[in-house]
Each structure stands twice: as structure tokens, then as C-alpha cells.
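Quick note on numbering: the sequence shown equals residues 1 to 356 in full-length UniProt numbering.
As C-alpha cells, the structure follows; a few thoughts come after it.
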Amino acid sequence: MAIALGSYLGLLDYAHQHNLISVDESWMHNTLYANYSMEITIILLVISGITWLAYQEIENSLRRARRSEVLVKKERDTLEERVLARTKELEHTQLERLKETSRLTEIGKLSAGLMHDLINPLTAVTMHIDQLSKNNSINAGEIREQINVALSATNQLSELIDRIRRELSNRNESRVIEIGETVKQAIHAVQYNANQVSTKIECPDFASCKVTANPLRLYRAWVNILTNAIESCAENPIDRERTVFISFTIESIDFPRLGSTWFDCAHHKSLTTSHSGQIARDKQKCQLIIKDTGCGIDSKLLPFIFDPFFSTKSERGIGLGLNIAQELLRQELSADISVESEPTKGTSFIISWSKN
């Protein structure tokens, strides 16, 4: 209303200045009487009232607009939160499905090596049974020897089949195990693939290190890291060294002196030395290093190698192997994994954990 009144007054002023209308200005020369003052006062009061009403209406409109803006913003934020939560849920579901697919892919990749391992004992059994059936002059000692060899081969078959069955069932069983045994099983599983690309795997005997963990999950973690190392070596020219070195060390952690208190970051608790000057539970740092002489990784890419779907090998894999290995080792050993790499020189994966 105020806008309309202002526009009307502006239009009258424009018409007067351009002589479009004549204005009676005689009243300006007349004496102002009391009744005129009353009329002017009433007019001004009416104008003031109209202006006040217009102002109130504008204020109400602004308040309604602000409320609407707040409601729209709140609804938008709520919608964004719902979309974000749903997106994260879908991403998590998709990642879990892809990890399961990756696990099955790992089994497929290892099947060639496992079949190779199955053929060797089968050949041994067949050969010795064939010799026993064809040689009538063989003595009892030789018979027992060949039977023992055949039985040993069948035991190898049983172990391999049992390992495959347990991996396929993926049972979540934790028990006290030797770290070295899980590493040896992983080496055995990838050895055939390493041979295919002329890569050696060097692993000395491990010091005894017993942990409570799921052996199959550790086995999968080692297989993923070893497979990555073998594939890295395969990128080298044939005349360059292709070797994967595995080393393992155990170091005792230095304890504080008698009566002192220190904070255990791994378990978020304070510990106090006993009267003998020892912590109530001994603690050791274990470190396993898997080092290859492969193509190496650019320093700019190192921060991303454990991210899901990140891969420097466009033609192989979907970039989940190292991510799965990191997750399994954290869950089973509360381990930290660090990486050192230099292009054309090789890469080292350093897995560290505390052994109580």
C-alpha cells in the first residue's frame, strides 16, 4: 500500500512539473483557519496510519519469509543428511560385496597353484602304486618304503584339501597359532604364481611367536601382500632381480624402573611397575617385513595404496587386496602397517604389533 501511495504521489509531481495538470495554489495565499488545521491533521493521521499498516504488513511478510527460509534450509539439511547416510550405507554394502567377490577372486587366482600342489602328491602315489603292481621281485622293506612315501603324499593331499575347505567356509575361528606357520602356508599358496613370473621368495625360519588369532584371516592378509609383491616384481625386465624377502624380528620393550607409572597407548590404560621392577605383563614388539625388488611406488601414490579400489596395476585386480590385508591385520593383531618404496628399487611392507 505504501508503495502504491508513493507511486501515486510521484506521478502527480511528474505531471505537475511537465504542466500536464494544473494545480490550484491559491490556498497558499489564504489565511490558514482552524478547520483547515483539523483537516490537515486528519489527513496526516490517515497517511501515518496507512504507512504504519503497510510497515506492519511488510514486517509480517519478512517474518513469514524468514520462517519459510529456515524451514526450507532445515528440510534441505535433513534431506542432505538422509541422502548422505543412505549413500554411505550403499557404499558400505557395495564395498562388503566387492570384498567378498575379491575373496572369491583370490581363491580363483590361487587355484592354479593349489592344483599344481595337488598334482605332485597324486603323481607320487600313482607312481609308487604302479611300481608295486608291476615289480614282483620287490622285497618287504622296499614295499614298506614305497607305501610310506605314498601315505605321506596322501597326507599332503588331505592337508591341502582341508585348507581349501576351510578357506571356502571362511569360519571365524580364533586360536593360539604360530605366526611363522601362517606365513609359510601363504608362501606355499603363492609359490606357483611366483614361479610363473620367475620370482624367488626368500624366508628364513621364524622365531617362535604365538598369537591368538584366526589363522585363515592372517593367511589371507599375507597372501594379499605377497601377491602384490610378486606382481610388482613381474613388472621388472626379465634380466633384473625378482625376489621377495621376508624377515621377522621380536624386540623386548624397555620397561620403566621400579614404582614408575606409564601409559600403554595400545590398550589405553596406565601400568605401574611391580616391586621386582617389571611390568605385570611382559610386552614385546613384533615386526614382519615383506620386501620386494619390484617396480616400486611413486611417493605421491603411497598415501592412497590402502584405499579401496586404488590400484597402480590397471590390467590386474580391482584395488582391494591391500585394503583387505590392512583391515584383517588390524582386526586380528591390532597391527600397524607402514610402507617404504622407491621407484625401480622396490617396496617394503612393515607390519608391527605388540605381543603380550
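From the three backbone atoms N, C-alpha and C, an ideal C-beta is built for every residue, glycine too.
Does residue i pass the burial test, meaning 16 or more other C-beta atoms within 10 Å, or should it be called exposed?
{"i": "Ala266", "result": "Reliability of the predicted coordinates at Ala266 is poor, the pLDDT of 38 falling under 50, and the value obtained from them is presented with this limitation in mind. With fewer than 16 Cβ atoms within 10 Å of its Cβ, Ala266 is classed as exposed."}
{"i": "Phe304", "result": "exposed"}
{"i": "Thr41", "result": "exposed"}
{"i": "Phe309", "result": "exposed"}
{"i": "Asp292", "result": "buried"}
{"i": "Arg281", "result": "Unreliable positioning characterises Arg281 in this predicted model, as indicated by a pLDDT of 48, which lies under 50. The coordinate reading is nonetheless provided below. It counts as exposed."}
{"i": "Arg242", "result": "buried"}
{"i": "Gly10", "result": "exposed"}
{"i": "Leu90", "result": "exposed"}
{"i": "Thr227", "result": "buried"}
{"i": "Trp353", "result": "buried"}
{"i": "Leu151", "result": "exposed"}
{"i": "Glu332", "result": "buried"}
{"i": "Thr212", "result": "exposed"}
{"i": "Ala229", "result": "buried"}
{"i": "Val176", "result": "exposed"}
{"i": "Asn155", "result": "exposed"}
{"i": "Asn193", "result": "buried"}
{"i": "Glu75", "result": "exposed"}
{"i": "residue 358", "result": "As displayed, the chain neither begins before 1 nor continues past 356, which places residue 358 out of reach and without an answer."}
{"i": "Ile290", "result": "buried"}
{"i": "Leu20", "result": "exposed"}
{"i": "Ala140", "result": "exposed"}
{"i": "Ile351", "result": "buried"}
{"i": "Lys345", "result": "exposed"}
{"i": "Ala207", "result": "exposed"}
{"i": "Ser48", "result": "exposed"}
{"i": "Asn148", "result": "exposed"}
Could you spell out where the beta strand (DSSP E) holding residue i opens and where it closes?
{"i": "Ser247", "result": "Thr243 to Ser252"}
{"i": "Val176", "result": "Arg175 to Glu178"}
{"i": "Ala213", "result": "Lys210 to Ala213"}
Give the DSSP bridge partners of residue i, in chain order.
{"i": "Ser338", "result": "Ile350"}
{"i": "Lys285", "result": "Glu251 and Ser354"}
{"i": "Glu202", "result": "Phe245"}
What residue range does the alpha helix (DSSP H) around residue i cover?
{"i": "Cys295", "result": "No alpha helix (DSSP H) contains Cys295, which DSSP labels as neither H nor E."}
{"i": "residue 383", "result": "Because the chain here runs from 1 to 356, residue 383 falls outside it and cannot be looked at."}
Does residue i come out as helix, strand or coil in the three-state DSSP assignment?
{"i": "Leu20", "result": "coil"}
{"i": "Lys345", "result": "coil"}
{"i": "Ser41", "result": "Checking the sequence, you will find Thr at residue 41 rather than Ser. Looking at Thr41 - three-state DSSP - the assignment turns out to be helix."}
{"i": "Gln191", "result": "helix"}
{"i": "Val236", "result": "Correcting the residue identity first, residue 236 is Asn in this sequence and not Val. Asn236: coil per DSSP, three-state reduction."}
{"i": "Phe304", "result": "helix"}
{"i": "Ser311", "result": "coil"}
{"i": "His275", "result": "For His275, the predicted structure reports a pLDDT of 40, less than 50, and the residue's modelled location is therefore unreliable. The matter cannot be settled from this model."}
{"i": "Ala207", "result": "coil"}
{"i": "Val183", "result": "helix"}
{"i": "Val197", "result": "coil"}
{"i": "Asn228", "result": "helix"}
{"i": "Asn139", "result": "coil"}
{"i": "Tyr8", "result": "helix"}
{"i": "Gly259", "result": "Reliability fails at Gly259, whose pLDDT of 43 lies under 50, so the model's placement of it is uncertain and the value that follows must be treated cautiously. Gly259: coil per DSSP, three-state reduction."}
{"i": "Asp13", "result": "helix"}
Within the 8 Å Cβ cut-off, does residue i reach chain D?
{"i": "Thr227", "result": "The question asks about chain D, but that chain is absent: this structure has only one protein chain."}
contact_flag[the segment 323 to 330, the segment 208 to 224] where n(CB pairs < 8 Å) is 3 or more: yes
At least three beta-carbon pairs within less than 8 Å, the segment 294 to 302 to the segment 78 to 87: Cβ pair count under 8 Å is below three, so no.
Cβ contact (3+ pairs, closer than 8 Å) linking the segment 197 to 207 and the segment 229 to 246: yes
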